[in-house]
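Q: Shown below is the structure under consideration.
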Amino acid sequence: MPGFTVSFHPEDRFFAFLRTVGEISCREGRLSGIPVAVKDNISTAGIETTCASRILEGYIPPYDATVVERLKNEGAAIAGKTNMDEFGMGTTTENSAFGPTRNPVDPSRVPGGSSGGSAAAIAAGLVPLALGTDTGGSIRCPAAFCGIVGLKPTYGRVSRYGLIAYANSLEQIGPMAANVTDANLLMGVIAGHDPRDSTSLDFPYLHTPDPEIRGMRIGVPEEFFGEGVDPRVASVVWEGISLLERKGAEIVTCRMPSMAYALAAYYVTCTSEASSNLARFDGVRYGPPADTKKTWHESFQERRRDGFGEEVRRRIMLGTFTLSSGYYGKYYAKAQAARNQVRADFERLFREVDVLAGPTMPTVAFKFGEKSDPLSMYLSDILTVPANLAGVPAISVPCGRVEGLPVGLQIMGRWMEDERVVDVGYAFEQGVSR
Ligand code: GLN
């Protein structure tokens, strides 16, 4: 049980933490005494867990997520719970019900999302390690915007037990850190089989990063530098890729035609899953007690209207529509067919190359309010969603700057080759710091 928790106010410096925890662990382990920040959609026993949503305000989980249990077993101290887009739905952390997090590199800009609090906490030097979750880029996007490292593991490599679901077929918990070595350490602690998650794979992660990439084949799909990618970002990332070439890797340009459908497949899938996963928030089992004078139907409507923010309500409605009879075949089934094409493209490419590289995000961090319509916000996820659709590992590492703002280099790998994407990230980091 925590000693005490302190809640934060949106006016606090970067508002990375929703609440911090005063608890010192004495256990011996790989993370003895190291403070780790935990995204607020990951259950922490005795510590409020809200997903940055009003509907979960005051909810105190009775148990720890497996990843939190693993942190504690290795002696880590849970530093606090970090701000995020409500239920993970967003790319900027502007969708938190409690106020946005600011980017420590430039506080007039967003930190990225949805794990923006975790990324800002690291970039501001508040903690060395943090957990994020990535459904369609939520670890890699804020890592890129804040100039840190973020790894989305292979689907199934890290237990989702205790993660409050948004779109369960896409999401993974993963490490965020200031450098690849630290991210690798945290990955080693959280990964591994968990009988409480039926999608969990039985592969431990025991890895020391190896910067030797001579002879490795790195594919660069043309589509990763397509429409919408800021040419300044593209040129910084190409410089990064040529650094890998100088270290002995072979660069192979290639095509990934399914990129044309990836974003649509992602948004139909994630909203469909969200509409089903979020049905449990009915105002009875969570949140303030319902008004007993009202019918169940009235109080259900009221709680969900007032408890969910605009973006969450939009996605529940979209997902309910795409799953409804008569439209299911037109939307959900089609999205799954497109998802299979994305998978098939990866399989084909990974027969020829060892990893794929490109920018993590098409642009640098936006100014607050810059992306005001949902569609233009969704479009910025184009480079991160393919890895989630296929379940393959992907890392974002800092790769230079554009007008002082960080750019991320993304490396995607074969299914279960998380170690290899970490190695390429490490080789890159070593090359940059020389
Ligand atoms: N921006 C994407 C979305 O809003 C990804 C979010 C995430 O990975 N949780 O769905």
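Taking the numbering used here, the leading residue of the sequence shown gets -17, the next gets one more, and so forth.
Every residue gets a Cβ at the ideal spot worked out from N, C-alpha and C, and that includes glycine.
Computed from a prediction, not measured in an experiment: that's the story for all the values here.
Cβ of MET71 within 6 Å of any heavy atom in the ligand GLN?
A: Within the cutoff, so yes.
Q: Between the C-alpha atoms of PHE348 and VAL92, what's the straight-line distance to the nearest angstrom?
A: So the two alpha carbons sit approximately 6 Å from each other.
Q: Looking at the unbroken beta strand (DSSP E) that takes in SER381, where does it start and where does it end?
A: Checking the sequence, you will find Cys at residue 381 rather than Ser. Per DSSP, CYS381 belongs to the beta strand (DSSP E) from 376 to 384.
Q: Can you list, in chain order, the stretches of the beta strand (DSSP E) that have 3 or more residues and sit fully within the segment 37 to 123?
A: Whole beta strand (DSSP E) segments, 3+ residues: 59 to 64, 111 to 116.
Q: Give me, in chain order, the residues of the same chain whose beta-carbon lies closer than 7 Å to that of GLY413; leave out the 5 immediate sequence neighbours on both sides.
A: Excluding residues within five positions, the ones whose Cβ falls inside 7 Å are LEU225, LYS229.
Q: Return yes when at least one heavy atom of the ligand GLN lies under 6 Å from the C-beta of THR253, else no.
A: Answer for THR253: no, Cβ out of range of the ligand GLN.
Q: Given a cut-off of 7 Å on the beta-carbon distance, is the pair VAL418 and ARG214 in contact?
A: Because the chain is modelled from -17 through 416, residue 418 falls outside the range shown and cannot be assessed.
Q: Using only alpha-carbon positions, find the residue among GLU205, LEU168, THR181, SER182 that is nearest to LEU188.
A: Ranking GLU205, LEU168, THR181, SER182 by Cα distance to LEU188 puts LEU168 first.
Q: According to DSSP, is MET398 helix, strand or coil?
A: MET398 falls in the coil class under three-state DSSP.
Q: Output needed for SER25: all residues of its chain with C-beta closer than 8 Å, excluding positions within five of it in sequence on either side, in chain order.
A: Answer for SER25: THR31, PRO43, TYR45, ASP46, ALA47, VAL50, GLY144, LEU145, ILE146, listed in chain order.
Q: Helix, strand or coil, according to DSSP, for MET(-17) in the structure here?
A: Only weak support is given to the placement of MET(-17): the predicted model assigns it a pLDDT of 48, under 50, and the question is left unresolved by the model.
Q: Helix, strand or coil for LEU338? Go by DSSP, reduced to three states.
A: DSSP places LEU338 in strand when its eight states are reduced to three.
Q: Under 6 Å: does the beta carbon of ASP116 sit that close to some heavy atom of the ligand GLN?
A: Yes, since a heavy atom of the ligand GLN falls inside the 6 Å radius drawn around the Cβ of ASP116.
Q: Can we count GLY390 as close to the ligand GLN, meaning its CB is less than 6 Å from some heavy atom?
A: Checking every heavy atom of the ligand GLN against the Cβ of GLY390, none is found closer than 6 Å.
Q: Between LYS21 and THR83, which are expected to be in contact by the criterion C-beta below 8 Å, what is the C-beta distance as a whole number of angstroms?
A: Contact doesn't hold; Cβ gap of about 11 Å is too wide.
Q: Exposed or buried, THR190, counting other C-beta atoms within 10 Å across all chains shown (16 or more means buried)?
A: By the neighbour-count rule (16 or more Cβ atoms within 10 Å), THR190 is not buried but exposed.
Q: Do you know whose CA, among ALA79, PRO86, ASP67, GLY11, lies nearest SER96's CA?
A: Here the closest residue by C-alpha is ASP67.
Q: Report yes if the C-beta of GLY156 is less than 6 Å from at least one heavy atom of the ligand GLN; otherwise report no.
A: Not so, every heavy atom of the ligand GLN lies at least 6 Å from the Cβ.
Q: Whole angstroms is fine: what's the gap from ILE200's alpha carbon to GLY340's?
A: The alpha-carbon atoms of ILE200 and GLY340 are separated by roughly 10 Å.
Q: Whether or not the segment 69 to 81 and the segment 324 to 337 are in contact is what I'm after, with contact meaning three or more pairs of Cβ atoms, one per stretch, closer than 8 Å; do they touch?
A: Too few Cβ pairs lie closer than 8 Å, so no.
Q: What are the partner residues of VAL131, as DSSP defines its beta bridges?
A: ALA159, per the DSSP bridge assignment.
Q: Among all the DSSP beta bridges, which residues are the ones paired with SER(-11)?
A: Per DSSP, ARG1.
Q: Under the criterion of a Cβ to heavy atom distance below 6 Å, does ASP336 qualify as lining the ligand GLN?
A: For the ligand GLN, not one heavy atom lies less than 6 Å from the Cβ of ASP336.
Q: May I ask you to report which of helix, strand or coil DSSP gives ALA231?
A: Here ALA231 sits in coil by DSSP.
Q: For VAL202, which three-state DSSP category applies?
A: The answer is strand: DSSP assigns VAL202 an E or B state.
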